[in-house]
Amino acid sequence: MKNDQIAECFELLADLLEIQGANAFRVRAYRNAARTISSTAESISDFSTQGGDLTEFAGIGRDLAKQIQEIVSTGQHAQLEELKKQVPSGVLDMLRIPGVGPKKVAVFFNELHLTSLDELRAAAEAGVIARQKGFGKKTEEAILKNIQMATEASARISIAEARAAADGIVEDLLKLDGVKQASAAGSCRRRKETCGDLDILVSCDDSDVPMNALAAHPFVSEVLQQGDTKQRVRLKSGVELDLRVVPEESFGAALQYFTGSKEHNVVVRGLAKDLGLKVNEYGVFRGDQQIAGRTEQDVYAALGLPCFPPELRENRHEFALAAAGPLPKLVTLEDIQGDLHMHTTASDGMGTIAEMAEAAKARGLKYIAITDHSKRVSMANGLDASRLRQHWKEIEKVRESISGIEILCGIECDILEDATMDLPDDVLAEADWVIAVLHYGLKQPREQIMKRLMCAVTNPHVDIIGHPTGRLVGRREGADLNIVELLKAAADHRVMMEINAHPKRLDLDDIHAALAKEMGIPIVISTDSHTVNGFDVLTFGVDQARRAGLTCSDVANTRSLKDFRSLLK
Ligand SMILES: [Zn+2]
Ligand SMILES: [Zn+2]
């Protein structure tokens, strides 16, 4: 059982208990446990079945540990099943309405006896909701407006789409007369791999200026809501964007507040309270006096904290890092010197060897590896031994004809379903760089997946595991693998791990990459380019590495080729 499934059980339990009006402390305990479990890289299920002590994890006490064991061993949670019987599924659907949480749903269910979205809609239309204590006409209207969205599938967009939209709009807002500052906030600024909606902050004396510009922006399809300082629009892609106009003296505070994450900000507010201060979207306050707010730097400094890079603000390790000294300097796009995963016309790429090398050089890269597919990937025209050897000869020719960039002869070699390599050892031995990957049979049982990965890791010629889990963000789950076991073996056999930078892959993910770092495994951020423009995605891989807390020394392809080579076995 995957960690996310266990976490989901606890989240659902917390929702159901809250709807039933259970003790707030108990509800919070489940939510904390869910968060711990979903942000743990190690398989909780394996840890539990192997007799590990679950109370070692933050927020997991004796009682919760027992419940986890129950979920892992029986595949379900008796109390959760019981609660599900008491609360109709239509009531849980109400939780998907933006702005409606368990407390409001509790009123709908317990006091108004509404059990589905349709019944809720009818009640709102009849004006019943507005008459409830704590609800008003506005809330009722919001529910009516948002109920449709709850019925539609909740669409999240990739970080690539999110950044294209948010960065493009910010750039255009900054060109307007009177606009002093503008920035994306929220999960997009934290570079989360998918975003549910977008947030932009702007400071401008006349809020009509940015709002009118946004309403007329080519990315925008309609204005959903407009107030004095806040505007909500829907983009043509379907995703919603909130624009907030904030005073200059509060810009940093608002940026800090709306960048989040919620979990990060809870800790920030707690630390402020300990200092006798209050922090909100307007500033840091001692009593009524504002002591910071103009820049994020000021806001954090007023609390004795460093200005955390947004990618770290998830309440994972950042506060511990800050307590231990200056924050580590995270890897940046400019640090990357080589790209070690790309395809050419020899397999399914669109560029020739020379075109890819020139394009990489034009972007300032100092070295690349050409890594076309091996023969198993027949639909991508994968190479057998003799074609591969011929291909390498071609690479050598290009190598001699182009200066200013080094080219390694590589291969992206499939790890076959029967746990053998797609190419014989003597061929792999001739390569400068061997990426081993799973492409097929991703649904095989964990035992076989691990057997395949171990076959690659223990092969003396394999340098790295490419897109290790095989997941596609939002579309396909990764193979069922034991990440800890894989990383341990990789560390023992000096095999590196890839962060595949394609926004559809981002594999390893942030949590697994952080674990690899902890285990001392060099990470390589690769583009897996199939065209000369494919190098564009490098930035998303770097984002993911930053979310994992990786520095230059953790990322092997920040080194010169000579230093990089010294890492190879
Ligand atoms: Zn691949
Ligand atoms: Zn590839």
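Under the numbering used here, think of the first position of the sequence shown as 1, with each following residue one higher.
Idealized CB from N, CA, C, for every residue including glycine.
These numbers were taken from a predicted model, which means no experiment stands behind them.
Where residue i falls: helix, strand or coil (DSSP)
i: I147; result: helix
i: Y30; result: helix
i: T558; result: helix
i: I97; result: coil
i: V91; result: helix
i: D53; result: coil
i: L487; result: helix
i: G260; result: coil
i: S73; result: helix
i: A7; result: helix
i: Y440; result: coil
i: K278; result: strand
i: E406; result: strand
i: V128; result: coil
i: S154; result: Any reading at S154 is ruled out, since the residue's pLDDT is 47, under 50, leaving its predicted position unreliable.
i: D63; result: helix
i: A369; result: strand
i: D348; result: coil
i: I465; result: strand
i: T194; result: strand
i: T551; result: strand
i: L428; result: helix
i: L255; result: helix
i: Q15; result: Looking at the sequence provided, one finds Asp at residue 15 rather than Gln. In this structure, D15 counts as helix in the three-state DSSP scheme.
heavy atom of ligand 1 below 7 Å from residue i C-beta
i: G466; result: yes
i: V437; result: yes
Buried or exposed by the 16-neighbour rule on C-beta atoms within 10 Å, applied to residue i
i: V202; result: buried
i: M379; result: exposed
i: P326; result: exposed
i: K517; result: buried
i: R131; result: exposed
i: L275; result: exposed
i: F25; result: exposed
i: R565; result: exposed
i: N212; result: exposed
i: V555; result: buried
i: K104; result: buried
i: R316; result: buried
i: S43; result: buried
i: S154; result: Legend: pLDDT at S154 = 47, less than 50; position of this residue unreliable, no value from coordinates given.
i: P218; result: exposed
i: E406; result: buried
i: N459; result: buried
i: H77; result: buried
i: L224; result: exposed
Cβ-heavy atom distance, residue i to ligand 2, below 7 Å
i: E412; result: yes
i: T528; result: A small fix is needed here, since residue 528 is Asp in this sequence, not Thr. At least one heavy atom of ligand 2 is nearer than 7 Å to the Cβ of D528, so yes.
i: H391; result: no
i: H493; result: no
i: H343; result: yes
Enclosing alpha helix (DSSP H) for residue i [first to last residue]
i: S374; result: Per DSSP, S374 belongs to no alpha helix (DSSP H) and is neither H nor E.
i: F285; result: Segment 283-286 is the beta strand (DSSP E) holding F285; no alpha helix (DSSP H) there.
i: K104; result: 102-106
i: A292; result: No alpha helix (DSSP H) contains A292, which is instead part of the beta strand (DSSP E) from 289-292.
i: T539; result: 538-547
i: D510; result: 510-518
i: I521; result: I521 -> no alpha helix (DSSP H), and no H or E assigned at all.
i: A216; result: Where A216 is concerned, there is no enclosing alpha helix (DSSP H), given that its DSSP letter is neither H nor E.
i: L298; result: Looking at the sequence provided, one finds Asp at residue 298 rather than Leu. Run containing D298: 296-302, per the alpha helix (DSSP H) assignment.
i: G534; result: Unbroken run through G534: none, as it is neither H nor E.
Those residues which DSSP pairs with residue i across a bridge
i: M342; result: S529
i: I200; result: A184, L243
i: I415; result: M421
i: L383; result: S374
i: L472; result: R476
i: V179; result: C204
Residue i - containing beta strand (DSSP E), residue span
i: A436; result: 433-437
i: N500; result: 496-500
i: Q225; result: 220-226
i: N459; result: It is not in any beta strand (DSSP E) - N459 carries neither H nor E in the DSSP assignment.
i: L573; result: Only positions 1 to 569 of the chain appear in the structure, and residue 573 is not among them; the question remains open.
i: L235; result: 230-235
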